[in-house]
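Heads up, the thing below is written out as structure tokens.
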Amino acid sequence: MTRDQPSGDVDRVSRQSPSTPNSHSTTLGLDLSFEADCFGFDLAGESFDDFFPFPASAGLADFTGVDSAAVWQSAGDKPGPLLAEPSVQSHGEVSDVINDDNRHLIQHYLEVIKGYSKVDDRAKESSNLFVSAFTQSLTFPPLLYAILAFSASHLSINDPTFCDGASRFNQLAEETFCQYRETHAKEIASLLSALFIRIKQLHVMGGSMDALFDLMTEVVEIVSTKECERALADPNSLVRRIVLRLALLDARGTCFRLGRGKLVRALERIPALSFLFAFNTSVVSTPSYSLLRADILRHRIGEIDARLHDQLEAEFASSAPVRTAEIKLLYENIRRELERCDRDSPRSTGAQASDISTNEVLGTAEYNYHIISSALHSAILYLSQVYPMPIFDVNQSISNILRHQLRIQHDPSRANSPPSILPSSMFLAGLSTTDPIYRDWVIKTLREAEPWGVYIKKMRLLLEAIHTMQAGGKKVHICDAMDQVTGRFLM
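According to my numbering, the sequence shown is numbered sequentially starting from 143.
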């Protein structure tokens, strides 16, 4: 079994792969909210709580009458198989791609993916990242094919008949990207948007880490250009917003000895973004920056994890030894971020556990607080797994993550949707706790969230397998367990 190959217990939809050489589209499927008013679809804002319709275009109004509250489209309700199979040679006209046979894929994309974005810090009336990106797809085939591939791939979780369509669109997304990368090199935002969709699809579909890293390498090549560096200097640019979202995933990909973190390291060298990495001096002002800093801290723990493993495996030392002082400094950075997070939290977040079952609708600021705080506490849990020290209050971090999950889970406005689950934080809480009741609840919560992504099912299978191994007295590293159970995937 290769390191990315899942076991037979994992849905085959995570292994969709077009038979094209050098394919990056091995298992593309995504986690975003792209929208288009000129095609008359109901659109979801980047603030995923706000579902609002845009004016319908002539001739397409029939396709706007959908239930925006729908969270899944069953096999029995789907409009039918993907009959249209556009050729690579005919990809120049976007109008030829969106037809009666695949328009439902875009509608599914716009309905379901609106909930995957976790943090919102932009005014409701401001330009929406996903609206902008989808609008670009109307004249940029690589992005549109990536969107169609995601939707078909996501539908294939429940209905495998969509797998072939997903593979076709993945192939088209890759081949058109290769062409446009050469002919439209100046269209940085569109190229990055297309890569963003494909990487997010890999994440949600629990796809190949090698394919994900290949796409991240493409991102780094674009980010390293002078044009992109100038765009990143503008805090309101679409390019910066896309790149920072990609950096979240790249940072997480470094954890558990899985990846490279090439994008995060590239961004650290860009002066306009240096504040994100200056934990001793700078204070960030927006939730999206705070979440990225939490993931940068997890990225740094991942680097220490890899160094420790290399030192144990290598005959001769190839890197500087990990010192206790380095661990303490990293822990202090996490604690400092937590203090800032708690200090800036909305008043209502101080509610006691007994108040959690009130079905309170969380405001954006409060929801952001739960997301960021849980990410920071999961960093403490990961650090304690890598380098145990008595200063780590593991039980407190477990308790806080479970409390954050409860608060979000009991929010009726987020019920039965991706924002109702904190997957990676819950995984680490379930891994770190020895309480059988907590373990059972974490497993149950992950199981209920499996419709939102193959990666969540893989998390649950992995956690159950690790619990079994630990019960037999075996000490298991997450990466090694992945190789045995699920194949490597991004949490």
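Glycine is no exception: its CB is placed at the ideal position from the N, C-alpha and C atoms.
Which residues in the same chain have their Cβ closer than 8 Å to the Cβ of residue i, if we skip the five residues on either side of it in sequence?
i: residue 611; result: 618 and 623
i: residue 426; result: 417, 418, 432 and 435
i: residue 471; result: none
i: residue 330; result: 364, 367, 369, 370, 373 and 381
i: residue 528; result: 443, 446, 447 and 450
i: residue 230; result: Bear in mind that the predicted position of residue 230 carries a pLDDT of just 45, short of 50, making it unreliable; the figure below should be weighed with that in mind. Closer than 8 Å at Cβ, skipping near neighbours: 313, 314, 317 and 318.
Which residues in the same chain as residue i place their Cβ atom closer than 7 Å to its Cβ, once the five residues preceding and following it in sequence are excluded?
i: residue 524; result: 397, 440, 443 and 570
i: residue 536; result: 523, 526 and 574
i: residue 354; result: 341, 344, 395 and 632
i: residue 311; result: 287, 290, 291 and 294
i: residue 284; result: 315, 318, 319, 322 and 336
i: residue 308; result: 158, 291, 294, 295 and 298
i: residue 512; result: 546, 549 and 550
i: residue 478; result: 421
i: residue 251; result: 176, 289, 292 and 293
Go to residue i, then tell me how far its alpha helix (DSSP H) extends in each direction, as first and last residue.
i: residue 525; result: 506 to 528
i: residue 292; result: 283 to 297
i: residue 441; result: 429 to 455
i: residue 368; result: 368 to 374
i: residue 305; result: 305 to 325
i: residue 622; result: 620 to 627
i: residue 501; result: That residue, residue 501, is in no alpha helix (DSSP H); it is neither H nor E in DSSP.
i: residue 532; result: It is not in any alpha helix (DSSP H) - residue 532 carries neither H nor E in the DSSP assignment.
i: residue 590; result: 578 to 590
i: residue 566; result: 565 to 574
i: residue 352; result: 351 to 365
i: residue 385; result: 380 to 395
i: residue 338; result: 330 to 346
i: residue 484; result: 466 to 485
i: residue 607; result: 596 to 613
i: residue 407; result: 404 to 410
i: residue 280; result: Careful: residue 280 lies outside any alpha helix (DSSP H) and carries neither H nor E.
i: residue 245; result: 245 to 254
Pop quiz: residue i and residue j are said to be a contact at Cβ under 8 Å. What is the actual Cβ separation, rounded to whole angstroms?
i: residue 446; j: residue 476; result: Their Cβ separation, rounded to whole angstroms, is 13 Å, which puts residue 446 and residue 476 out of contact at 8 Å.
i: residue 504; j: residue 553; result: 5 Å
i: residue 595; j: residue 348; result: 7 Å
i: residue 437; j: residue 517; result: 7 Å
i: residue 292; j: residue 332; result: 16 Å between Cβ atoms; not a contact.
i: residue 547; j: residue 531; result: No, residue 547 and residue 531 are not in contact; Cβ-Cβ is about 26 Å, not under 8 Å.
i: residue 630; j: residue 400; result: 6 Å
i: residue 375; j: residue 414; result: 4 Å
i: residue 641; j: residue 297; result: Any answer about residue 641 is impossible in this case: the structure gives the chain only from 143 up to 633.
i: residue 598; j: residue 564; result: No, residue 598 and residue 564 are not in contact; Cβ-Cβ is about 11 Å, not under 8 Å.
i: residue 637; j: residue 473; result: Absent from the model: residue 637. The displayed extent of the chain is 143 to 633, so no value can be given.
i: residue 454; j: residue 385; result: So it is not a contact: roughly 35 Å between Cβ atoms.
i: residue 338; j: residue 387; result: 7 Å
What residues in its chain sit with their C-beta under 6 Å from that of residue i, if we drop five residues either side in the sequence?
i: residue 621; result: 398 and 399
i: residue 615; result: none
i: residue 483; result: 514 and 515
i: residue 566; result: 633
i: residue 421; result: 475
i: residue 608; result: 618 and 623
i: residue 520; result: 567 and 570
i: residue 591; result: 563 and 598
i: residue 469; result: 529
i: residue 424; result: 417
Chain B beta carbons: is any one of them nearer than 8 Å to that of residue i?
i: residue 478; result: The structure shown has no chain B; it contains just one protein chain.
Exercise for review: Spell out a yes or no on whether the segment 574 to 583 and the segment 558 to 565 are touching, meaning 3 or more CB-CB pairs, one atom from each, closer than 8 Å.
Suggested key: no
Check your understanding: Looking at C-beta atoms only, is the number of pairs between the segment 400 to 415 and the segment 476 to 488 that lie closer than 8 Å three or more?
Key -> no
Check your understanding: Counting pairs of Cβ atoms below 8 Å between the segment 360 to 376 and the segment 576 to 591, do you hit three or more?
Key -> no
Practice item. For the segment 287 to 295 and the segment 328 to 343, state whether three or more C-beta atom pairs, one from each stretch, are separated by less than 8 Å. Key: yes
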